[in-house]
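Here's the structure we're looking at; comments come further down.
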Amino acid sequence: MELDLKSLTLMELREVAKANKIKSIAKYRKQELLDLLEEVLLHEDQVQEVEEQEEPHQDMNEIQQEVPRSEEIHEGEQKETVDQVENKVQKTNQSLESTESGHVVERNGTVLKEKISGNRATGSGEQAGDERSRSHNEETDSEGRVFPPGTMDASGILEIMDQNSFGFLRGDNYLTTSDDIYVSPIQIRRFRLKTGDELAGKTRPTRDGEKFRALFYVDRVNGDSPGVAINRRDFDTLTPIYPNERLKLEVLHKNDMSTRIMDIISPVGKGQRGLIVAPPKAGKTTILKKIAQNIHANNPEVTLIVLLIDERPEEVTDMRESIDGEVIYSTFDEDPMNHIKVAEMVLERAKRLVEHKKDVVILLDSLTRLSRAYNLTVTPSGRTLSGGLDPAALTMPKRFFGAARNIRNGGSLTILATALVDTGSRMDDMIFEEFKGTGNMEVHLDRRLQERRIFPAIDIFRSGTRKEELIMDTNEIEAVRKIRQLLYKGSEVNRVTEELISLMDNSENNEEFIDALKRIEI
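According to my numbering, the residues represented by the sequence shown are -13 to 508, in order.
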């Protein structure tokens, strides 16, 4: 048959391909079509043996109609639930081989074996021998699924390249490495994958001429079955609402003053968009570290990501060793483009998790330096603000910060970012002025308190949260009002702040502090 195929013209090969139910034959060149036909004919015997052992299969067209297409779901026509999709595919309980795209979907529709182009053996006898010996070398996982020899478990964060065509699974820090895993376009389209998705599955060994291992089996997408990814809604179409569920920062039996003050003066809810405004050496990194530790202790269900942009390498090491969460970083000795890529990958990662109705917290240090990186790389708009800041440089940082929101009916993205002030740079002041008022929570650190060795150096008078009544109980709201009244009546704000911190230090928890505050007469 090989000699007959090779002697045929392109038009004759297309007729043979039609007879073998190969679709989209016009896109193949002669050699590609010849290789495809040879592979189909070589596998006919094996497919017939499998069909004899299994139950009768449904027709391929019927199953393709049952598997939901991403285009149909995107258009909103009869959107099926994940359970309906999985039940339909489980009823088929079979393997489908599509010669058009070169992939296999098995069992629950999550197996996808990609035949990436490579050097094929020319001898049909050798190929047939490989097929006969394959069954002796196949590997079986814990669920009884059979894989070719040499497969390996793999996971990573997807980054789609080349105008939404193919992609790669990135490893640590979301950067390009030689160990990245190739993800084919057909997998991306079938499961509606996006940049930032975390994939877990199987990879096959590299072939001659291939640089990267290829993912051929998709097991999980963001910790859920691929059916969830197929039916999820886009992040931009989700409805944002005010935070209505609290992220408790106070840890019992741990007298951490900074987080205790924040829990009363500027509480944090799921979906909060908060600014930590700080001059140099006011302890912003320390507060950020304590927030990360306490969020993980009180809310283990939350996905915590700490993003360090343009920071010192020793601070990165200290943060990674201090918290139980994901620390993504780009130090000050890296290129500004590296800062931007890392930040955008973190944002896309968080959006994908929110689309799966999960709660995410991003702690960014710092928003000012991220804006500086965009200012160095953005295409000049022809206008310049005071300090040399291009207005176009703030578009992406605002998009990053504005992504924080609480989603109606599930999921939230909380972003707490630091902003630098009083650095002596007019650009830093302009960046803060542009972001002032965009958040719904602010914590101000005061250098004067820090110089007087009053820690934490939180300016209670200027700190606060919008719509705090949605996440606080009645006693806490009354306590906050009383604190505000004391601050307004006091002639020296710093003295009143010091007295309140001393009163809090003498109580074991915020509940005792509120009870003690009730006994104070205004």
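Backbone N, C-alpha and C fix where the C-beta goes; we use that ideal spot for every residue, glycine too. Predicted model only: the values in this text are computed from it and were never measured.
Exercise for review: Consult DSSP for Met305 and reduce its assignment to one of helix, strand or coil.
Suggested key: For this step, residue 305 is matched to residue 319 along the sequence shown. Three-state DSSP puts Met305 in a helix.
Practice item. Run through the segment 399 to 463 for me and flag every whole beta strand (DSSP E) of 3 or more residues, listed as ranges in chain order. Key: 427 to 430
Review point. If you run the structure through DSSP and keep just helix, strand and coil, what is Tyr228?
Key: For this step, residue 228 is matched to residue 242 along the sequence shown. Three-state DSSP puts Tyr228 in coil, outside helix and strand.
Practice item. Mark Glu112 as exposed unless 16 or more other C-beta atoms lie within 10 angstroms of its C-beta, in which case mark it buried. Key: For the purposes of this step, residue 112 is identified with residue 126 of the sequence shown, where counting begins at 1. Here the model assigns Glu112 a pLDDT of 47, short of 50, so the residue's position is not dependable, and the following value carries that caveat. Classification of Glu112: exposed, given that the 10 Å Cβ count is below 16.
Point to revise | Same chain only: Cβ atoms within 8 Å of Leu23, ignoring 5 sequence neighbours per side | key: Position 37 of the sequence shown, counted from the first residue, corresponds to residue 23. The answer, listed in chain order, is Leu(-9), Leu(-1), Val2, Ala3, Asn6, Ile8.
Practice item. Let me know the secondary structure DSSP gives Arg190 once reduced to three states. Key: Residue mapping note: residue 190 aligns to position 204 of the sequence shown, counting from 1. Reduced to three states, the DSSP call for Arg190 is strand.
**Study point:** Per-residue burial, Val298 [other beta carbons within 10 Å of its own, 16 or more giving buried]
**Key:** For the purposes of this step, residue 298 is identified with residue 312 of the sequence shown, where counting begins at 1. Here residue 298 turns out to be Arg, not Val, going by the sequence shown. Exposed: under 16 other Cβ atoms inside 10 Å.
Check your understanding: What do you get for Glu41, buried or exposed, if any count of 16 or more other CB atoms within 10 angstroms of its CB means buried?
Key -> Counted from its first residue, the sequence shown places residue 41 at position 55. Residue confidence is low: Glu41 scores 44 on pLDDT, short of 50, so the model does not pin down where it sits. No coordinate-derived value is stated.
Review point. Does the segment 250 to 266 come close enough to the segment 422 to 433 to have 3 or more Cβ pairs within less than 8 Å?
Key: yes
Point to revise | Beta-carbon separation (whole angstroms), Lys453 vs Tyr228, contact threshold 8 Å | key: Mapped onto the sequence shown, residue 453 falls at position 467. Mapped onto the sequence shown, residue 228 falls at position 242. About 5 Å separates the two Cβ atoms, so the contact holds.
Review point. In terms of residue numbering, what span does the alpha helix (DSSP H) encompassing Met331 cover?
Key: Here residue 331 refers to the residue found at position 345 when the sequence shown is read from its first residue. Start and end: 322 to 341.
Review point. Between the Cα of Phe202 and the Cα atoms of Ala278, Asp222, Leu235, Tyr168, which residue gives the shortest distance?
Key: Sequence index remark: in the sequence shown, residue 202 carries index 216 (1-based). Taking only the C-alpha atoms, the option nearest Phe202 is Tyr168.
**Study point:** Between the CA atoms of Met331 and Arg369 - distance to the nearest angstrom
**Key:** Your numbering for residue 369 matches position 383 in the sequence shown. Your numbering for residue 331 matches position 345 in the sequence shown. Cα-Cα distance, rounded: 29 Å.
Practice item. Tell me whether Ala390 sits in a helix, a strand or coil according to DSSP, three-state version. Key: Translated into the one-based positions of the sequence shown, residue 390 becomes position 404. Reduced to three states, the DSSP call for Ala390 is coil.
Point to revise | Cβ neighbour criterion (16 or more within 10 Å) applied to Ser10 | key: Residue numbering aside, residue 10 sits at position 24 when the sequence shown is read from its first letter. Flag for Ser10 reads exposed.
Practice item. State yes or no: is the beta carbon of Arg199 nearer than 8 Å to at least one beta carbon in chain C? Key: In the structure shown, chain C does not exist; there is a single protein chain.
Exercise for review: For Glu484, name the three-state secondary structure that DSSP assigns.
Suggested key: What you label residue 484 is simply residue 498 of the sequence shown in a count that begins at 1. In this structure, Glu484 counts as helix in the three-state DSSP scheme.
Review point. Under the DSSP definition of a beta bridge, which residues are partnered with Thr289?
Key: Against the sequence shown, residue 289 aligns to sequence position 303. Looking at the DSSP assignment, Thr289 forms a beta bridge with Val346.
**Study point:** Nearest residue (CA-CA) to Arg199, options Lys188, Phe499, Leu473, Val207
**Key:** Looking up residue 199 in the sequence shown gives position 213. It is Lys188 whose Cα lies nearest to the Cα of Arg199.
Check your understanding: Are the beta-carbon atoms belonging to Thr363 and Ile326 less than 8 Å from one another?
Key -> Counting from 1 along the sequence shown, the entry for residue 363 is found at position 377. Counting from 1 along the sequence shown, the entry for residue 326 is found at position 340. Their beta carbons are under 8 Å apart, which means Thr363 touches Ile326 by this criterion.
Exercise for review: Can you say whether Ile506 is buried or exposed, counting buried as having 16 or more other CB atoms within 10 angstroms of its CB?
Suggested key: Here residue 506 refers to the residue found at position 520 when the sequence shown is read from its first residue. Exposed: under 16 other Cβ atoms inside 10 Å.
Check your understanding: So does Arg452 have its beta carbon nearer than 7 Å to some heavy atom of the ligand GTP?
Key -> Absence of the ligand GTP is noted for the structure shown, with no ligands found whatsoever.
Point to revise | N- and C-terminal bounds of the beta strand (DSSP E) containing Phe202 | key: Here residue 202 refers to the residue found at position 216 when the sequence shown is read from its first residue. Here the beta strand (DSSP E) through Phe202 covers 199 to 207.
Check your understanding: Per DSSP, what kind of secondary structure is Ile143 in: helix, strand or coil?
Key -> What you label residue 143 is simply residue 157 of the sequence shown in a count that begins at 1. Ile143 falls in the strand class under three-state DSSP.
Review point. From Asn208 to Leu339, what does the alpha carbon distance come to, in whole angstroms?
Key: The sequence position of residue 208 within the sequence shown is 222, counting from 1. The sequence position of residue 339 within the sequence shown is 353, counting from 1. C-alpha separation (whole angstroms): 7 Å.
Point to revise | Nearest-angstrom Cα separation, counted from Thr181 out to Glu334 | key: Stepping through the sequence shown from its first residue, residue 334 is reached at position 348. Stepping through the sequence shown from its first residue, residue 181 is reached at position 195. Roughly 6 Å separates the two Cα atoms.
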